[in-house]
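Written out below as structure tokens is the structure these notes cover.
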Amino acid sequence: MNKPNTDIASDGSLAGALSSAFRNLMMNTEDMLPATVVSYDDKTNRAVIKPLVMMVTTEGGTVGRAPLANIPVFRFGGGGFFIRAPIKPGDFGWIKANDRDISLIFQRGGLEDQPNTARLHSFSDAMFFPDTIKGWAIDGKNIDALVIQSMDGSVCFSLHNDKVVLETPKYEVNAPETIFTGNVTVNGNYAVNGNSDSQGGTMRHNGKDIGSTHQHSGVETGHGNTGAPL
């Protein structure tokens with residue numbers, strides 16, 4: 000015999016019958032489930048999402064939920080700025096259903112509108128929230144910092160109370176103009192492909208003045224110029 004879809008203890012009781020009815024109603028109400036990405040289109044920021052919680056039949060079998068297409072992916076942002084992650088198939092996250100049909104609102108680019116259908120709490124009107132729930136670890140020195148990093152920790156940007164630290168195998172800046180205000184210390188080699196111009200102050204190497212006012216010893220005055228630097 001199949002397992003009944005109701006609680007036998009509810010038979011003959013009005014309270015039990017109402018409880019069973021409400022439970023069956025909630026079983027058909029979609030709200031939030033863990034899910035994974037099947038595919039993702041970065042241009043439209045839409046994904047095909049597969050809910051991970053299976054449905055259980057009265058016979059005790061399990062039925063996987065069908066993938067959901069054209070689901071918008073949450074991107075944190077505002078004021079003309081956003082944070083984007085390169086969503087990949089297999090990424091974990093949470094699918095959250097809206098209270099009403101939101102199709103017309105998205106068709107109008109996020110403007111106010113009425114529900115297009117009478118749908119309530121349906122994953123057809125859902126949003127996917129990516130979540131790196133596992134597979135990463137924070138270095139102990141950054142335990143109290145705001146951290147943005149790669150999953151393997153090879154690239155890490157940490158914001159502390161008194162400093163900002165960037166750890167990366169390679170750092171590139173593509174900007175027509177870069178301005179530093181304050182002292183700059185370089186620990187390591189550096190190369191300049193282009194002109195180097197210094198205004199004010201002094202320029203020294205190993206304690207020797209090599210700036211615009213430097214002099215050479217052992218040179219007799221005359222009309223000639225000193226030779227090139229050795």
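For what it's worth, numbering that gives the first Met the number 0 labels the leading residue of the sequence shown as 0, then goes sequentially.
Ideal Cβ placement from N, Cα and C applies to all residues, glycine included.
Where residue i falls: helix, strand or coil (DSSP)
{"i": "Q214", "result": "coil"}
{"i": "F91", "result": "strand"}
{"i": "S18", "result": "helix"}
{"i": "G223", "result": "coil"}
{"i": "P77", "result": "The question names Pro, but residue 77 in the sequence shown is Gly. Here G77 sits in strand by DSSP."}
{"i": "N182", "result": "coil"}
{"i": "L24", "result": "helix"}
{"i": "G193", "result": "coil"}
{"i": "G187", "result": "coil"}
{"i": "G139", "result": "helix"}
{"i": "L13", "result": "helix"}
{"i": "G134", "result": "coil"}
{"i": "M0", "result": "Caution is warranted here: a pLDDT of 48 is assigned to M0, below 50, making its placement in the model unreliable, and the coordinate value is therefore given only provisionally. Three-state result, M0: coil."}
Range of the contiguous beta strand (DSSP E) that encloses residue i
{"i": "Q148", "result": "145-148"}
{"i": "R45", "result": "45-50"}
{"i": "I70", "result": "67-71"}
{"i": "M126", "result": "119-129"}
{"i": "V36", "result": "31-40"}
{"i": "V163", "result": "163-166"}
For residue i, the nearest candidate out of the options (CA to CA)
{"i": "N23", "options": "T57, D90, G109", "result": "T57"}
{"i": "K169", "options": "P175, V154, N182, V183", "result": "V154"}
{"i": "F127", "options": "A117, G134, R74, T61", "result": "R74"}
{"i": "Q148", "options": "S12, S18, A84", "result": "A84"}
{"i": "R64", "options": "P71, V72, I70, V55", "result": "V55"}
{"i": "K140", "options": "N194, L158, D124", "result": "L158"}
{"i": "D196", "options": "V52, S211, N182, E219", "result": "S211"}
{"i": "R99", "options": "H120, V52, L13", "result": "H120"}
{"i": "R118", "options": "D138, N69, P88, I101", "result": "I101"}
{"i": "G214", "options": "I94, T225, R107", "result": "In the sequence on display, residue 214 carries Gln and not Gly. Of the listed residues, the one whose Cα sits closest to Q214 is T225."}
{"i": "D138", "options": "G108, Q113, E166", "result": "E166"}
{"i": "A46", "options": "M53, V72, T201, A136", "result": "V72"}
{"i": "N44", "options": "T61, L13, F105, M53", "result": "F105"}
Paired residues, beta bridge with residue i - DSSP
{"i": "H204", "result": "K207"}
{"i": "R99", "result": "L119"}
{"i": "L158", "result": "L145, V163"}
{"i": "V55", "result": "T61"}
Unbroken alpha helix (DSSP H) run spanning residue i, endpoints
{"i": "S102", "result": "102-106"}
Presumed contact (8 Å Cβ cut-off) between residue i and residue j, rounded CB distance
{"i": "P66", "j": "I48", "result": "7 Å"}
{"i": "E29", "j": "F156", "result": "No, E29 and F156 are not in contact; Cβ-Cβ is about 37 Å, not under 8 Å."}
{"i": "I132", "j": "A34", "result": "Going by Cβ atoms, the distance from I132 to A34 rounds to 12 Å, so no, they are not a contact pair."}
{"i": "S76", "j": "I70", "result": "Contrary to the premise, residue 76 reads as Gly rather than Ser in this sequence. Incorrect: roughly 18 Å between the Cβ atoms, too far for contact."}
{"i": "L32", "j": "L17", "result": "No, L32 and L17 are not in contact; Cβ-Cβ is about 26 Å, not under 8 Å."}
{"i": "F91", "j": "D151", "result": "Not a contact, Cβ separation roughly 17 Å."}
{"i": "V36", "j": "G79", "result": "Not really, about 27 Å apart at Cβ, beyond 8 Å."}
Below-9 Å beta-carbon distance, residue i vs any chain D residue
{"i": "L17", "result": "This model lacks chain D altogether, as it is built from one protein chain only."}
Residue i: CB within 8 Å of a non-hydrogen atom of the ligand PLP
{"i": "K169", "result": "With respect to the ligand PLP, the structure shown offers nothing to examine, as it has no ligands at all."}
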